[in-house]
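Participant: The numbering of the sequence shown is our numbering, which starts it at -11 and goes up by one.
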Amino acid sequence: MIAPLAIVSTAATLGLVILGVAFLLASWRVLVGPTLPDRILALDTLSGTAIGFIAVLSVKTGFALYIDIAIALGLVGFLATVAFARFVLSRGEPSAKTAAAAKLPKVKVNKARKGNTAGRAKKGRKG
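Here is the structure:
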């Protein structure tokens, strides 16, 4: 029979390897990401992966202080994501849909009626 400590140690090692691969893939998206929102989402993923990495490391080593560090990193990561999202909204970064729509040719609109239509509404009122 396998000892429970060996199972936990093996699972923690496997978890660290998987989280390491996820960290590398998210880092690649930060560097190569086609748009700024993609990079921000990848940074949020990096934050979550780092939290998981620290939590698994806490289980593997038995050092409970790492859990407090992971919680603090979660709070800071969330605030950073919100700040980046506000920056993107204030900057007016175009999304993929609006960028594709901007490439469409402009359509000319014929103005069939001439004259002031707003003046007609005022005409009926007594003032």
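Ideal Cβ positions, reconstructed from N, Cα and C, are used throughout, including at glycine.
Is it true that the CB of residue 14 sits closer than 8 Å to the CB of residue 30?
Facilitator: Counted from its first residue, the sequence shown places residue 30 at position 42. Counted from its first residue, the sequence shown places residue 14 at position 26. Cβ distance < 8 Å, so residue 30 and residue 14 count as in contact.
Participant: Mark residue 44 as exposed unless 16 or more other C-beta atoms lie within 10 angstroms of its C-beta, in which case mark it buried.
Facilitator: Numbered from its first residue, the sequence shown carries residue 44 at position 56. Looking at its Cβ environment, which holds 16 or more other Cβ atoms inside 10 Å, residue 44 is buried.
Participant: Does the distance from the C-beta atom of residue 42 to that of residue 54 stay below 8 Å?
Facilitator: If you number the sequence shown from 1, residue 42 lands on position 54. If you number the sequence shown from 1, residue 54 lands on position 66. Yes, the Cβ-Cβ distance between residue 42 and residue 54 is below 8 Å.
Participant: For residue 28 and residue 1, which I take to be in contact (beta-carbon distance under 8 Å), what is that distance rounded to the nearest angstrom?
Facilitator: Start at 1 with the first residue of the sequence shown, and residue 28 comes out as number 40. Start at 1 with the first residue of the sequence shown, and residue 1 comes out as number 13. Residue 28 to residue 1, Cβ: 31 Å. No contact.
Participant: Could you give the distance in angstroms between the alpha-carbon of residue 77 and the alpha-carbon of residue 17?
Facilitator: In the sequence shown, residue 77 corresponds to position 89, counting from 1. In the sequence shown, residue 17 corresponds to position 29, counting from 1. Each residue's alpha carbon lies about 21 Å from the other.
Participant: Going by C-alpha to C-alpha distance, which of 32, 80, 52 sits closest to residue 62?
Facilitator: As a first step, residue 62 is located in the sequence shown; it is residue number 74 there, counting from the start. Nearest C-alpha to residue 62: 32.
Participant: Would you kindly work out how many angstroms separate the C-alpha atoms of residue 51 and residue 73, rounded to a whole number?
Facilitator: By 1-based counting over the sequence shown, the position of residue 51 is 63. By 1-based counting over the sequence shown, the position of residue 73 is 85. Rounded to the nearest angstrom, the two C-alpha atoms are 34 Å apart.
Participant: Would you decide whether residue 67 is buried or exposed? Buried here means 16 or more other CB atoms lie within 10 Å of its CB.
Facilitator: Position 79 of the sequence shown, counted from the start, is the residue given in the question as residue 67. So residue 67 counts as exposed.
Participant: Less than 8 Å between the CB atoms is what I'm expecting for residue 10 and residue 37, so what's the real figure, rounded?
Facilitator: In the sequence shown, the residue the question calls residue 10 occupies position 22. In the sequence shown, the residue the question calls residue 37 occupies position 49. With 8 Å as the limit, residue 10 and residue 37 qualify as a contact, their Cβ atoms being about 5 Å apart.
Participant: What are the start and end residues of the alpha helix (DSSP H) that includes residue 38?
Facilitator: Your numbering for residue 38 matches position 50 in the sequence shown. From DSSP, the alpha helix (DSSP H) with residue 38 extends over 24 to 49.
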